[in-house]
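A.B. asks: Supplied in structure tokens, the structure appears directly below.
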Amino acid sequence: MRILFAGTPRPAVPSLEALVAAGHEVAAVITRPDARAGRGRVMQESDVALAAQRLSVPVIKPESLRTPEFEQWLADQAVDVVVVVAYGAMIPKRLLDAVPQGWLNLHFSLLPAWRGAAPVQHSICAGDDITGATVFRIDSGLDTGPILSVYTEPVLETDTTETLMQRLSEHGADLMCRTLDAIAEGTVVAVAQSDSGISRAPMIDMEQARIDWSAPAVVVDRRIRAFTPAPGAWTMYQGQRIKVTSGYPGRWSDGDLAPGEFSDRDGQVVVGTGAGILILTAVKPAGKGVMPAIDWCRGLRTDTNGRRFDDLPREASLVSGSSAAGAASGTDAGAEDRP
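Each step along the sequence shown adds one to the number in numbering that gives the first Met the number 0, with nothing skipped, and position 311 is 310.
What follows is the structure, encoded as structure tokens:
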């Protein structure tokens with residue numbers, strides 16, 4: 000089959016590479032326009048754009064998919080299917096029927112669980128033991144289309160979004176290739192998504208990534224891992240933002256440390272929470288690089304008010320699916336409401 004590939008960030012690269020390696024005819028790649036990134040805010044191409052150039056696949060970077068020019072370009076490609084992996088924009092309804100086999104999306108969850116742009120983060124926050132990847136045909140809803148294939152993956156107690164996403168993107172690439180083969184052979188079976196087990200995974204903003212020390216240590220640990228590497232779990236100390244890049248629930252008694260209160264115990268930074276204690280292993284103070292938490296702690300000046308992270312709980316629960324916008328892994332897969 001002749002294929003178009005639509006994707007933008009690093010998790011989409013394994014799928015593009017796998018399609019080319021498997022001998023599929025990838026006519027072109029659609030990716031988001033160059034954007035400013037890094038401390039210098041310089042214009043950078045997407046990871047998918049760079050991969051496509053390395054693979055000698057033509058690349059286009061439309062500002063919008065809703066223009067007559069893009070619609071004509073799509074028709075001129077005469078492709079059989081469009082493969083979408085974390086493209087970063089909704090697909091207009093009128094384009095979905097313009098391709099014989101439709102637009103197929105690789106979503107990093109077991110649908111209908113965690114529909115939305117940040118499924119991996121929400122899965123870790125919820126304490127899921129199992130997650131996975133789903134290939135489905137995009138329809139007019141948000142991640143609601145019929146399922147073509149599924150892959151399951153255990154969530155490890157030490158997984159961050161980065162480590163789990165790496166496994167899902169690699170295995171998901173193989174899943175997409177096998178799904179395309181099944182379509183070509185006429186053996187694929189589309190199954191409607193269940194009406195039960197639906198959960199939402201909206202994008203994560205910086206305020207949602209703020210640590211609520213009144214939560215149990217196991218919950219704080221999940222959030223730290225879920226928000227690593229982006230947007231990064233954080234807290235405040237004496238008016239300065241501190242990113243917490245790693246830690247784990249400890250075994251000490253939690254009776255003598257209030258939520259957010261921390262101390263140096265046996266060479267470890269121990270923080271009180273709503274239930275249990277959390278041992279911080281690495282932090283990133285404002286304007287500095289990542290460092291061992293114990294080095295940061297021992298470099299603090301004596302605090303006559305006690306060493307305690309600012310106690311400012313969030314107003315809304317992340318796992319409950321409250322609305323949010325901001326940095327996320329991104330796995331969009333729906334059509335725009337406008338025709």
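Beta carbons: idealized from backbone N, C-alpha and C, even for Gly.
None of the values given here were measured: they were computed from a predicted structure.
Can you list, in chain order, the residues of its chain whose CB lies under 8 Å from that of residue 413, leaving out five sequence neighbours each side?
C.D. replies: Beyond the ends of the chain as shown, which are 0 and 338, falls residue 413; an answer cannot be given.
A.B. asks: Quick check for students: name the residue ranges of the alpha helix (DSSP H) that lie wholly in the stretch 9 to 52, counting only runs of 4 or more.
C.D. replies: Taking only runs of at least 4 residues, the alpha helix (DSSP H) segments lying wholly in the stretch 9 to 52 are 12 to 20.
A.B. asks: Nearest to residue 129 by alpha carbon, out of 273, 150, 56?
C.D. replies: Taking the sequence shown and counting its residues from 1, the one referred to as residue 129 is at position 130. It is 150 whose Cα lies nearest to the Cα of residue 129.
A.B. asks: Short check: CB of residue 46 to CB of residue 8, under 9 Å?
C.D. replies: Along the sequence shown, read from residue 1 onward, the residue named residue 46 stands at position 47. Along the sequence shown, read from residue 1 onward, the residue named residue 8 stands at position 9. Result yes, Cβ atoms of residue 46 and residue 8 sit closer than 9 Å.
A.B. asks: Pick helix, strand or coil for residue 330, following the three-state DSSP scheme.
C.D. replies: Within the sequence shown, the letter at position 331 stands for residue 330. Any reading at residue 330 must be qualified, since the residue scores a pLDDT of 48, below 50, and its modelled position is unreliable; the value itself is stated next. Coil, per DSSP.
A.B. asks: Pull up the distance between the alpha-carbon of residue 132 and that of residue 104, whole angstroms please.
C.D. replies: Locating residue 132 in the sequence shown gives position 133, where the first residue counts as 1. Locating residue 104 in the sequence shown gives position 105, where the first residue counts as 1. Each residue's alpha carbon lies about 10 Å from the other.
A.B. asks: Roughly how many angstroms separate the alpha carbons of residue 235 and residue 308, rounded to a whole number?
C.D. replies: To locate residue 235, count along the sequence shown from 1; it is residue 236. To locate residue 308, count along the sequence shown from 1; it is residue 309. Those two C-alpha atoms are separated by around 6 Å.
A.B. asks: Which first and last residues belong to the alpha helix (DSSP H) in which residue 92 is found?
C.D. replies: The residue labelled residue 92 in the question sits at position 93 within the sequence shown. Note, residue 92: alpha helix (DSSP H), 92 to 95.
A.B. asks: Taking only runs of the alpha helix (DSSP H) that begin and end inside the stretch 57 to 136, which ones reach a length of at least 4 residues, in chain order?
C.D. replies: 67 to 76, 92 to 95, 118 to 125, all fully within the stretch 57 to 136.
A.B. asks: In three-state DSSP terms, what is residue 241?
C.D. replies: As a first step, residue 241 is located in the sequence shown; it is residue number 242 there, counting from the start. Looking at residue 241 - three-state DSSP - the assignment turns out to be strand.
A.B. asks: Pairing CB atoms from the stretch 39 to 54 with CB atoms from the stretch 65 to 82, are three or more of them under 8 Å?
C.D. replies: Contact fails: fewer than three Cβ-Cβ distances are below 8 Å.
A.B. asks: Which of the three DSSP states is assigned to residue 195 in this structure?
C.D. replies: Counting from one through the sequence shown, the residue named residue 195 turns up at place 196. Looking at residue 195 - three-state DSSP - the assignment turns out to be coil, as it is neither helix nor strand.
A.B. asks: Alpha carbon to alpha carbon, what distance is there between residue 85 and residue 91?
C.D. replies: For this step, residue 91 is matched to residue 92 along the sequence shown. For this step, residue 85 is matched to residue 86 along the sequence shown. Whole-angstrom Cα-Cα distance: 16 Å.
A.B. asks: Would you say residue 113 and residue 166 are within 9 Å of each other, going by their C-beta atoms?
C.D. replies: For this step, residue 113 is matched to residue 114 along the sequence shown. For this step, residue 166 is matched to residue 167 along the sequence shown. No, Cβ-Cβ distance for residue 113 and residue 166 is not below 9 Å.
A.B. asks: CB-CB under 7 Å to residue 293, same chain, minus the five flanking residues each way: which ones, in chain order?
C.D. replies: Stepping through the sequence shown from its first residue, residue 293 is reached at position 294. Same-chain partners within the cutoff: 263, 266, 267, 268.
A.B. asks: Please report the Cβ distance between residue 246 and residue 278, rounded to the nearest whole angstrom; I am assuming they are in contact, meaning their Cβ atoms lie under 8 Å.
C.D. replies: Walking along the sequence shown from the start, residue 246 turns up at place 247. Walking along the sequence shown from the start, residue 278 turns up at place 279. 6 Å between Cβ atoms; contact.
A.B. asks: Kindly list the residues whose CB is nearer than 6 Å to the CB of residue 163, restricted to its own chain and excluding five residues on each side of it in sequence; keep chain order.
C.D. replies: What you label residue 163 is simply residue 164 of the sequence shown in a count that begins at 1. Within the same chain, residue 163 has close Cβ partners 119.
A.B. asks: Go ahead and pull the three-state DSSP assignment for residue 54.
C.D. replies: Indexing the sequence shown from 1 puts residue 54 at position 55. Looking at residue 54 - three-state DSSP - the assignment turns out to be coil, as it is neither helix nor strand.
A.B. asks: Within the same chain, show all residues whose beta-carbon is closer than 8 Å to that of residue 417, passing over the 5 residues directly before and after it, in chain order.
C.D. replies: Absent from the structure is residue 417, since the part of the chain shown begins at 0 and ends at 338.
A.B. asks: Report yes if the CB atom of residue 98 is closer than 9 Å to the CB atom of residue 57, and no otherwise.
C.D. replies: Counting from one through the sequence shown, the residue named residue 98 turns up at place 99. Counting from one through the sequence shown, the residue named residue 57 turns up at place 58. No. Outside cutoff.
A.B. asks: Between which two residues does the alpha helix (DSSP H) containing residue 295 stretch?
C.D. replies: As a working mapping, residue 295 is identified with position 296 in the sequence shown. 292 to 297 is the span of the alpha helix (DSSP H), which, as asked, contains residue 295.
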